[in-house]
Amino acid sequence: MTAMAHPVPRRVRTIVAAMVLAGAVATAPLAAPAPAPASAAAVGEPTIEAQAFDIDLGQQLTVTFELPPGVRTTGFAAGTVLRLTTHERLDDREALLNALDGALGNEEGSLSIPLDPGGIDPAVVTYPTESTVALTVPTLTSLQSADDVRPTSEDADASTGEAAAAATPLMFSRPGVHAVEIALVVGGHAVADTTTFVRIVDPAIEIGDMSVAIVMGQTTAPTITSDGSVSVTADNVDELTRLADTLEGIDGVSAALGSPDQTIPRAVFVEPSTLQALLVSDPELGARLVRGLTSSQVIPGPLVPFEPSAAAASGQVDRYTELLTAGEDLLGQLLPRTDIGRTVQIVREPFTTAAAEMQRKNVGARLMVMGFDLYSRTSGGNGAFTDTSQLVRIALPDDTEALTSLVDPHIGARLADGADTPMATAIATVADLAVTAESIEADGGIVSRHGMVLATAGLDVPDAEMMTDLVSLIGSTRGLRLVEAATLASTVDPLLRLGGGG
Numbered sequence: 197m198t199a200m201a202h203p204v205p206r207r208v209r210t211i212v213a214a215m216v217l218a219g220a221v222a223t224a225p226l227a228a229p230a231p232a233p234a235s236a237a238a239v240g241e242p243t244i245e246a247q248a249f250d251i252d253l254g255q256q257l258t259v260t261f262e263l264p265p266g267v268r269t270t271g272f273a274a275g276t277v278l279r280l281t282t283h284e285r286l287d288d289r290e291a292l293l294n295a296l297d298g299a300l301g302n303e304e305g306s307l308s309i310p311l312d313p314g315g316i317d318p319a320v321v322t323y324p325t326e327s328t329v330a331l332t333v334p335t336l337t338s339l340q341s342a343d344d345v346r347p348t349s350e351d352a353d354a355s356t357g358e359a360a361a362a363a364t365p366l367m368f369s370r371p372g373v374h375a376v377e378i379a380l381v382v383g384g385h386a387v388a389d390t391t392t393f394v395r396i397v398d399p400a401i402e403i404g405d406m407s408v409a410i411v412m413g414q415t416t417a418p419t420i421t422s423d424g425s426v427s428v429t430a431d432n433v434d435e436l437t438r439l440a441d442t443l444e445g446i447d448g449v450s451a452a453l454g455s456p457d458q459t460i461p462r463a464v465f466v467e468p469s470t471l472q473a474l475l476v477s478d479p480e481l482g483a484r485l486v487r488g489l490t491s492s493q494v495i496p497g498p499l500v501p502f503e504p505s506a507a508a509a510s511g512q513v514d515r516y517t518e519l520l521t522a523g524e525d526l527l528g529q530l531l532p533r534t535d536i537g538r539t540v541q542i543v544r545e546p547f548t549t550a551a552a553e554m555q556r557k558n559v560g561a562r563l564m565v566m567g568f569d570l571y572s573r574t575s576g577g578n579g580a581f582t583d584t585s586q587l588v589r590i591a592l593p594d595d596t597e598a599l600t601s602l603v604d605p606h607i608g609a610r611l612a613d614g615a616d617t618p619m620a621t622a623i624a625t626v627a628d629l630a631v632t633a634e635s636i637e638a639d640g641g642i643v644s645r646h647g648m649v650l651a652t653a654g655l656d657v658p659d660a661e662m663m664t665d666l667v668s669l670i671g672s673t674r675g676l677r678l679v680e681a682a683t684l685a686s687t688v689d690p691l692l693r694l695g696g697g698g
């Protein structure tokens, strides 16, 4: 599996983007005298509130979404339907990336769901509000019989006492990740379509756990005045506000799952001097950030910014380690109940093998994390011949190697751009991870000896809502396990280095 075998995919559009387009090209069948009907004036992005990804055999696909401003369910007239079309199982990552680019594969089944408020099946479609749509669709695979379809309503008929009849199921060929195309159909014509992903799971089949580690951090440097003091900039405040938001969102997943004392593992870098200055200049934001960092593995940095490659090139290894120790000590004072460790180091600037050697021998780093583009320009690396679910080795001047985990280029680009479509981005990413894990197992690999970093391409701060959705989905997806980034060094196998070594 070569990470660069496919261009970075476009974002997955949200399910009800079709509704926006339909509102913009509304024809007579959609026109209605109801309040705030879908019309040319109704524009904007809809929001998927929830969607099931893992669906056990015979269980239901559930989707709830908020319509964009100005679009109301009362604007759906007779003849308006939502058509769901399933496609063949995505057996490997290349197929998944192709699906993200629109090549969905062969069709397997189709189901049309009326949206007219006067003719909907309330067991399948409900409108909690005039701007909210909820779908509950039974599913069936070719491995099952019609008797295996679970009714969308468990209520018995009041007059006969018989169990409710099952609605028509959405058909899939077999367990696995599938693309589901969703088209808004008006008067027999599809006026818009979009794609999402689901995985049909056979509970009887064991799925190995692939490790997934969240890494993020501050990228904006503070201002250092002539007297050596640090001043927090507006860019610092903006980025650290987003970091506090994201950490709070991740922690909220634990609370929502009923385990508020169980933290979601994540590695976070923050400049020691910036955090100290922030606690003075903006105590409220500083306190929020401290709460989020307390539940994190904090990656220390030098007391003031000092790039490792610059330190190694100028022969200031001792000075670098002194500043790193001072920064580590300051973080220990500011975050007395936080796990602060050097075992993981984030690399964002052009990196030399001398700097890697310094990080391993003098700093004690066991794992470096860097973006794929930066790694491809680093001497001693494997270039494009890289599986991002395994560690890579950077050859060092002393004939040893530094272990590195790379941000996958597709995942990194997707997460960097995830704020516009948070739930859709989360679904695409979980589908990507799930297909990767399944293809490893299908190829005879040991899934538990593979792992991936979840980070933006720049290893900066990901969108809070998108990360909250993503962490929540990972928690309910079989075969994925969130871990501390440091554990990747011991649980994930490294690739063989080109030119020998192993």
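In this text, residue positions in the sequence shown follow the working numbering: the first is 197, and each later residue adds one.
Just so you know, even glycine gets a beta-carbon here, dropped at the ideal spot from N, CA and C.
As the structure is a prediction and not an experimental result, all values here were calculated from the model.
> From R533 to Q493, what distance separates their C-alpha atoms?
Replying inline: As a position in the sequence shown, residue 533 is number 337, starting the count at 1. As a position in the sequence shown, residue 493 is number 297, starting the count at 1. Each residue's CA atom was taken as its position, placing R533 and Q493 some 11 angstroms apart.
>> Measuring alpha carbon to alpha carbon, tell me which residue in I309, E444, L519, G404 is nearest I642.
In response: Here residue 642 refers to the residue found at position 446 when the sequence shown is read from its first residue. It is G404.
>> On the criterion of 16 or more Cβ atoms from any shown chain inside 10 Å, does A638 qualify as buried, or is it exposed?
In response: Counting from 1 along the sequence shown, the entry for residue 638 is found at position 442. Here A638 is exposed. Its C-beta has fewer than 16 other C-beta atoms within 10 Å.
> Going along the chain, which residues of its own chain have a beta-carbon closer than 7 angstroms to the beta-carbon of M367, five neighbours each way excluded?
Replying inline: In the sequence shown, the residue the question calls residue 367 occupies position 171. T282, E304, G305, L336.
> Could you give the distance in angstroms between the alpha-carbon of S477 and the alpha-carbon of D457?
Replying inline: Within the sequence shown, residue 477 is the residue found at index 281, counting from 1. Within the sequence shown, residue 457 is the residue found at index 261, counting from 1. Rounded to whole angstroms, S477 to D457 spans 30 angstroms at the Cα level.
> Taking buried to mean at least 16 other C-beta atoms within 10 Å of its own C-beta, is H374 buried or exposed?
Replying inline: Here the question's residue 374 lines up with position 178 in the sequence shown. Buried: at least 16 other Cβ atoms inside 10 Å.
> If you compare alpha carbons, which of I378, L443, V397 is closest to S369?
Replying inline: The count along the sequence shown starts at 1 and reaches residue 369 at position 173. Nearest option by C-alpha distance: V397.
>> Is the separation between the beta-carbon of T437 and that of M412 shorter than 8 angstroms?
In response: Position 241 of the sequence shown, counting from 1, holds the residue named residue 437. Position 216 of the sequence shown, counting from 1, holds the residue named residue 412. Their beta carbons are not under 8 angstroms apart, which means T437 does not touch M412 by this criterion.
>> With a threshold of 6 angstroms on Cβ separation, who are the neighbours of G614 within its own chain once the five nearest residues in sequence on each side are excluded?
In response: In the sequence shown, residue 614 corresponds to position 418, counting from 1. Once the five neighbours on either side are set aside, the close Cβ partners of G614 are T621, D659, M662.
> Candidates P496, E545, L471: which alpha carbon is nearest A506's?
Replying inline: Translated into positions along the sequence shown, residue 506 becomes position 310. Answer by Cα proximity: E545.
> Going along the chain, which unbroken runs of the alpha helix (DSSP H) with 4 or more residues stay wholly within the stretch 284–316?
Replying inline: Segments of the alpha helix (DSSP H) lying fully in the stretch 284–316: 289–296.
> Thinking just about the alpha-carbon of each residue, which of I636, T459, L655 is nearest to the one in P168?
Replying inline: It is not possible to answer for residue 168, since the shown part of the chain is limited to 197 through 698.
> Three-state secondary structure (DSSP) at S505?
Replying inline: By 1-based counting over the sequence shown, the position of residue 505 is 309. Three-state DSSP puts S505 in a helix.
> For R645, which residues from the same chain have a beta carbon less than 6 angstroms from its beta carbon, with the 5 sequence-adjacent residues on both sides left out?
Replying inline: The sequence position of residue 645 within the sequence shown is 449, counting from 1. For R645, where only same-chain residues beyond five positions count, the Cβ hits under 6 angstroms are D689.
>> Please identify the residue among P504, D525, I670, R268 whose C-alpha is closest to the C-alpha of R556.
In response: If you number the sequence shown from 1, residue 556 lands on position 360. Comparing Cα-Cα distances from R556 to each of P504, D525, I670, R268, the minimum goes to P504.
> Considering P496, what are the terminal residues of the alpha helix (DSSP H) in which it resides?
Replying inline: On the sequence shown, residue 496 is found 300 positions in, with the first residue counted as 1. That residue, P496, is in no alpha helix (DSSP H); it is neither H nor E in DSSP.
> Which class does T282 belong to by DSSP, given the choice of helix, strand or coil?
Replying inline: In the sequence shown, the residue the question calls residue 282 occupies position 86. Strand at T282.
>> At the level of alpha carbons, what is the spacing between V329 and T322?
In response: If you number the sequence shown from 1, residue 329 lands on position 133. If you number the sequence shown from 1, residue 322 lands on position 126. Each residue's alpha carbon lies about 6 angstroms from the other.
>> Between which two residues does the beta strand (DSSP E) holding Q256 run?
In response: Here the question's residue 256 lines up with position 60 in the sequence shown. 256–262 is the extent of the beta strand (DSSP E) around Q256.
> Per DSSP, which one or two residues make a beta bridge with S407?
Replying inline: Within the sequence shown, residue 407 is the residue found at index 211, counting from 1. Answer is G647, R677, bridged to S407.
> Based on the DSSP secondary-structure assignment, which residues constitute the bridge partners of D250?
Replying inline: Stepping through the sequence shown from its first residue, residue 250 is reached at position 54. According to DSSP, which records beta bridges pairwise, D250 is partnered with R395.
> Which first and last residues belong to the beta strand (DSSP E) in which T549 is found?
Replying inline: By 1-based counting over the sequence shown, the position of residue 549 is 353. No beta strand (DSSP E) contains T549, which is instead part of the alpha helix (DSSP H) from 549–554.
> Whose C-alpha, out of I670, V649, G671, is nearest the C-alpha of T683?
Replying inline: Walking along the sequence shown from the start, residue 683 turns up at place 487. Checked all of I670, V649, G671; the closest Cα to T683 is V649.
> Short check: CB of V428 to CB of A483, under 8 angstroms?
Replying inline: Residue numbering aside, residue 428 sits at position 232 when the sequence shown is read from its first letter. Residue numbering aside, residue 483 sits at position 287 when the sequence shown is read from its first letter. For V428 and A483, no; Cβs fall outside 8 angstroms.
> What's the C-alpha gap between A651 and E444?
Replying inline: The sequence position of residue 651 within the sequence shown is 455, counting from 1. The sequence position of residue 444 within the sequence shown is 248, counting from 1. One C-alpha to the other measures close to 17 angstroms.
>> Counting C-beta neighbours from all protein chains within 10 Å, is the total for A681 16 or more, i.e. buried, or is it exposed?
In response: For the purposes of this step, residue 681 is taken as the residue at position 485 of the sequence shown. By the 10 Å Cβ count, A681 comes out buried.
> When you compare only the Cα positions, how much space is there between T269 and S572?
Replying inline: Indexing the sequence shown from 1 puts residue 269 at position 73. Indexing the sequence shown from 1 puts residue 572 at position 376. Roughly 50 angstroms separates the two Cα atoms.
> Are the Cβ atoms of D559 and L520 separated by less than 8 angstroms?
Replying inline: Position 363 of the sequence shown, counted from the first residue, corresponds to residue 559. Position 324 of the sequence shown, counted from the first residue, corresponds to residue 520. Residue 559 is actually Val in this sequence, not Asp. Contact flag set, yes.
> Is it right to say N432 is buried, meaning 16 or more other beta carbons lie within 10 angstroms of its own, or is it exposed?
Replying inline: Position 236 of the sequence shown holds residue 432. With 16 or more other Cβ atoms from the protein chains shown falling within 10 Å of its own Cβ, N432 counts as buried.
> When we look at the beta-carbon of T325 and count the other beta-carbons within 10 Å, is it buried (16 or more) or exposed?
Replying inline: Within the sequence shown, the letter at position 129 stands for residue 325. Exposed, because fewer than 16 other Cβ atoms sit within 10 Å of the Cβ of T325.
>> For the alpha helix (DSSP H) containing L587, name the first residue and the last one.
In response: By 1-based counting over the sequence shown, the position of residue 587 is 391. Note, L587: premise wrong, no alpha helix (DSSP H); not H, not E.
> Name the DSSP bridge partner or partners of L146?
Replying inline: What the structure shows of the chain is the stretch from 197 to 698, and residue 146 is not part of that stretch, so it cannot be assessed.
> For the alpha helix (DSSP H) that contains A627, what are its first and last residues?
Replying inline: Locating residue 627 in the sequence shown gives position 431, where the first residue counts as 1. Per DSSP, A627 belongs to the alpha helix (DSSP H) from 618–638.
> So, does the CB of V649 fall closer than 8 angstroms to a CB anywhere in chain B?
Replying inline: Note that chain B does not occur in the displayed structure, where there is just one protein chain.
>> I need the straight-line Cα distance from V466 to I495, nearest angstrom please.
In response: Start at 1 with the first residue of the sequence shown, and residue 466 comes out as number 270. Start at 1 with the first residue of the sequence shown, and residue 495 comes out as number 299. Roughly 7 angstroms between the two C-alpha positions.
> Along the chain, where does the beta strand (DSSP E) that runs through V486 open and close?
Replying inline: Here residue 486 corresponds to residue number 290 of the sequence shown, with the count starting at 1. Counted as a single uninterrupted DSSP element, the stretch harbouring V486 is not any beta strand (DSSP E) but the alpha helix (DSSP H) occupying residues 479–490.
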